[in-house]
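Number of protein chains: 2
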Amino acid sequence: MNLVVSHYQKDTDMKNLSNQPCLIARSLALVGDAWSMLIMRDAHAGLTRFDEFRKSLQIAPTMLTARLSALTEDGLLEKRRYSERPPRDEYVLTEAGRDFLPVLFAIGAWGRKHRGGGEVTRFFDAETGTEIDPVTIDRETGAPVGTRAIRTVLPG
Amino acid sequence: MNLVVSHYQKDTDMKNLSNQPCLIARSLALVGDAWSMLIMRDAHAGLTRFDEFRKSLQIAPTMLTARLSALTEDGLLEKRRYSERPPRDEYVLTEAGRDFLPVLFAIGAWGRKHRGGGEVTRFFDAETGTEIDPVTIDRETGAPVGTRAIRTVLPG
DNA sequence: GTGACTTACTACTAAATTCATAGTAACTGA
DNA sequence: TCAGTTACTATGAATTTAGTAGTAAGTCAC
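Taken in sequence, the protein lines are chains A and B.
Residue numbers for the first sequence follow my numbering, so the first one is 25 and each next one is one higher.
Residue numbers for the second sequence follow my numbering, so the first one is 25 and each next one is one higher.
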């Protein structure tokens, strides 16, 4: 499908999702694979270094290099030098990367409902101590997505 | 990564995300690739038939067969016979599949903010006519995800 | 200052997946 | 009977992914 990996390839790929009118497709062009999503998850969990990601995900280093480069290129992560000698870089979330958290929580919420059970990682509000129960609503009406009829308008 | 495609493979894959404590990883085991997500998007848009998906996505039929089977196997779609002769099946969303809509909207919302511009498909509330602006909040506190500190609790 | 260790990779090959095209099965409708 | 429709399967090439090993540029312990 050629969604990720090489920037060069992406720019020249005719079938690229990045130019589609559907914003879901455009987004998936950047993060439409499990590794990228899991890297984003781990980045939100506070991991920043190559080896942290590699150990957490048990991902082949070639894959990790490719994904980190792509996510950096696409503006979800930023490569930052944290040591001049030896030269060492870390990958930190950009604003766009931080804004990705709701997606991860929406996915997690679906998983809790439909793939829950057994031992699961849970998230709590640090202030109130209550478990976080993510719902995606329409800011305007306040209605949870999926509870009301939607009209789709194509461009052009 | 062996996330999808063959059920057999998934069950025997040691590295399978399905058994992880992280619900995000578990979910991604089922829908952690762009094709699956786009099929879900199209299913929500009302597509049900093999050829509708194939034409909409320009996906190779082998891929489509594999993805539809996996999504059906995993309970997001249901295969339903709509004609006895000739034998014809269609794929309709299950409850789990319908519950996936918030994920798609969360992804779309991210895309609108960070990959918007140009001609984009838009969604409106059919009743109020206002454009849908999805926000993922914590049901308990009402706070948008990402605006408050979170405590992660690992199992065990 | 030598040897063990760390970190962030790259090289390389094998395995698996994906893509694209063509073809098939079971019909319908003219 | 013959083109057309729908839902696929077969096949082989191209691409991607995985896994292991190795490298570069240091630090630290003694």
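A virtual CB, placed ideally from N, CA and C, is assigned to each residue, including glycine.
If you're wondering where the values come from, they're calculated on a predicted model, not measured in any experiment.
N40 of chain A has its alpha-carbon roughly 23 Å from the corresponding atom of G70 of chain B. By the Cβ rule, the stretch 163-180 of chain B counts as touching the stretch 148-156 of chain A, because three or more pairs are nearer than 8 Å. With the criterion set as a beta carbon lying under 8 Å from some beta carbon of chain B, the members of the stretch 81-114 of chain A are Q82, G99, in sequence order. When B:G135, B:D149, B:D113, B:A53 are compared, the shortest CA-CA separation from E76 of chain B is found for B:D113. DSSP places D162 of chain A in the uninterrupted beta strand (DSSP E) bounded by 158-162. Secondary structure in the stretch 112-149 of chain A: the alpha helix (DSSP H) runs of 4 residues or longer, each lying completely within the stretch, are 119-122, 125-139 in chain order.
With fewer than 16 other beta carbons inside 10 angstroms of its own, L178 of chain A counts as exposed. From the beta-carbon of D162 of chain A, the residues of chain B found nearer than 7 Å are D149, I156, D157, P158. For R122 of chain A, there are no CB contacts under 6 Å within the same chain when 5 residues up- and downstream are skipped.
In terms of CA proximity to R50 of chain B, A:A58 leads the group A:L92, A:P111, A:M87, A:A58.
Not a single C-beta of chain B is nearer than 8 Å to the C-beta of K79 of chain A. Straight across, the Cα-Cα distance linking W134 of chain A with F124 of chain B is about 7 Å. When the beta-carbon positions are compared, T145 of chain A and L47 of chain B come within less than 8 Å of each other. The DSSP-derived three-state label of D57 of chain A is strand. Shown here, L101 of chain A sits in a strand according to DSSP, grouped into three states. Using beta-carbon distances, A130 of chain B counts as an interface residue toward chain A, with a partner under 8 Å. For R109 of chain B, no beta strand (DSSP E) encloses it, and the DSSP letter there is neither H nor E. Beta-bridge analysis with DSSP links T72 of chain B to no other residue. The residue from A:S60, A:E97, A:R109 with its alpha-carbon nearest to that of L88 of chain A is A:S60. Within chain A, the residues placing a beta-carbon under 7 Å from that of A120 of chain B are H138, ordered along the chain. Beta bridge pairing from DSSP links T154 of chain B with no other residue.
CA-CA distance, A84 of chain B to I63 of chain B, rounds to 13 Å. For I63 of chain B, the nearest beta carbon of chain A is not closer than 8 Å to its own beta carbon.
Annotation for V177 of chain B: the continuous beta strand (DSSP E) segment containing it runs 174-177. Collapsing the DSSP output to three states places P85 of chain A in a helix.
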